[in-house]
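A short worksheet on the structure shown next.
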Amino acid sequence: PTRRSSDLPLGPEPVRLARALAILGPNVHPSQLGEFANLSPDSVVAAADALARDSILATGNPVDFVHPLVREAVYGDMSAMQCASEHKRAAHVLEANGAHVEQVAAHLQASECESDPWAVAALRKGAAAALARGAPESAATLLTRAREEPPHEDELASVDADLARALGNAGRLTEAATLFRSAIDRSANDSTRLALALELIGILARAGRGREA
92 PTRRSSDLPL
102 GPEPVRLARA
112 LAILGPNVHP
122 SQLGEFANLS
132 PDSVVAAADA
142 LARDSILATG
152 NPVDFVHPLV
162 REAVYGDMSA
172 MQCASEHKRA
182 AHVLEANGAH
192 VEQVAAHLQA
202 SECESDPWAV
212 AALRKGAAAA
222 LARGAPESAA
232 TLLTRAREEP
242 PHEDELASVD
252 ADLARALGNA
262 GRLTEAATLF
272 RSAIDRSAND
282 STRLALALEL
292 IGILARAGRG
302 REA
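For reference, each letter of the sequence shown is one residue, going 92 to 304 in this note's numbering.
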């Protein structure tokens with residue numbers, strides 16, 4: 092587990108496969124792993140066999156490292172900038188292959204902020220899915236990352252409102268109130284401002300701030 096992937100006595104294809112698996116994580120389909128590592132199906136099999144012989148990958152399905160520490164060693168051999176770039180690429184590959192929106196969003200969390208509208212949209216989709224399954228903290232984390240991207244100025248009020256709702260559902264009422272105020276201030280449409288103000292009133296009332304509400 093202490094070995095660096097650059098020090099492994101393997102060819103370039105097994106090293107690429109190991110690094111791809113370190114980025115994508117377990118339970119990824121071999122075809123996605125091969126696409127990400129730019130390897131043909133036969134090359135994936137051959138590279139996986141080589142890594143298994145060297146006690147880096149476990150035998151059988153799914154393709155995975157023999158131990159989490161091995162994955163950490165391979166992952167840690169890449170620079171922070173390289174990891175961030177690879178996670179962004181992983182998000183694109185997984186979305187193109189129909190992966191769940193939360194899986195795509197999880198990789199975007201580990202990528203660099205680039206003011207990318209696609210990343211903002213994917214993070215918001217992941218947050219909506221998390222909220223729908225009753226995980227408001229996860230939704231808030233993804234929306235916070237979307238806000239940091241950042242979104243276009245015209246979309247920021249909507250992102251603030253979504254984050255405020257997630258925080259409210261998580262019981263983080265003070266933070267939710269602050270984000271609702273931000274969304275109100277950023278909104279140009281009067282009907283939207285009124286709707287957000289009504290949501291803010293509800294948050295303030297829940298927080299015991301009746302006079303302010």
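No residue lacks a Cβ here, since even glycine has one placed at the ideal position from N, Cα and C.
Quick caveat, the model's predicted, so the values are computed rather than measured.
Outcome for residue 251 when other beta-carbon atoms lying within 10 angstroms are tallied against a minimum of 16 = So residue 251 ends up on the buried side.
Is DSSP giving residue 185 helix, strand or coil here?
-> helix
Nearest to residue 151 by alpha carbon, out of 117, 298, 161, 126?
-> Taking only the C-alpha atoms, the option nearest residue 151 is 117.
What's the C-alpha gap between residue 195 and residue 173?
-> 18 Å
Using 10 angstroms around the beta-carbon of residue 294, count the other beta-carbons present and answer buried if the total reaches 16, otherwise exposed.
-> buried
Would you check if there are 3 or more beta carbon pairs closer than 8 Å linking the segment 194-213 to the segment 232-251?
-> Yes, the segment 194-213 is in contact with the segment 232-251.
Alpha carbon to alpha carbon, how far is residue 96 from residue 221?
-> Its pLDDT being 45, under 50, residue 96 is placed unreliably by the model, and the measurement read from it follows with that caveat. If you take the alpha carbons of residue 96 and residue 221, they lie about 34 Å apart.
Report buried or exposed for residue 289, applying the criterion of at least 16 other Cβ atoms within 10 angstroms of its Cβ.
-> The residue is exposed, with fewer than 16 neighbouring Cβ atoms inside 10 Å.
From residue 162 to residue 232, what distance separates their C-alpha atoms?
-> Rounded to the nearest angstrom, the two C-alpha atoms are 25 Å apart.
Can you check whether the CB of residue 121 is closer than 9 Å to the CB of residue 132?
-> yes
Out of 169, 170, 143, point me to the one whose CA is closest to residue 157's CA.
-> Comparing alpha carbon positions, the residue from 169, 170, 143 closest to residue 157 is 143.
Note the first and the last residue of the continuous alpha helix (DSSP H) segment covering residue 125.
-> 121-128
Answer with buried or exposed for residue 253, where buried requires no fewer than 16 other C-beta atoms within 10 angstroms of its C-beta.
-> buried
C-alpha gap between residue 211 and residue 137, whole angstroms = 38 Å
Where does residue 101 fall in DSSP's three states?
-> Residue state, collapsed to three classes: coil.
Beta carbon of residue 187 nearer than 9 Å to that of residue 199 = no
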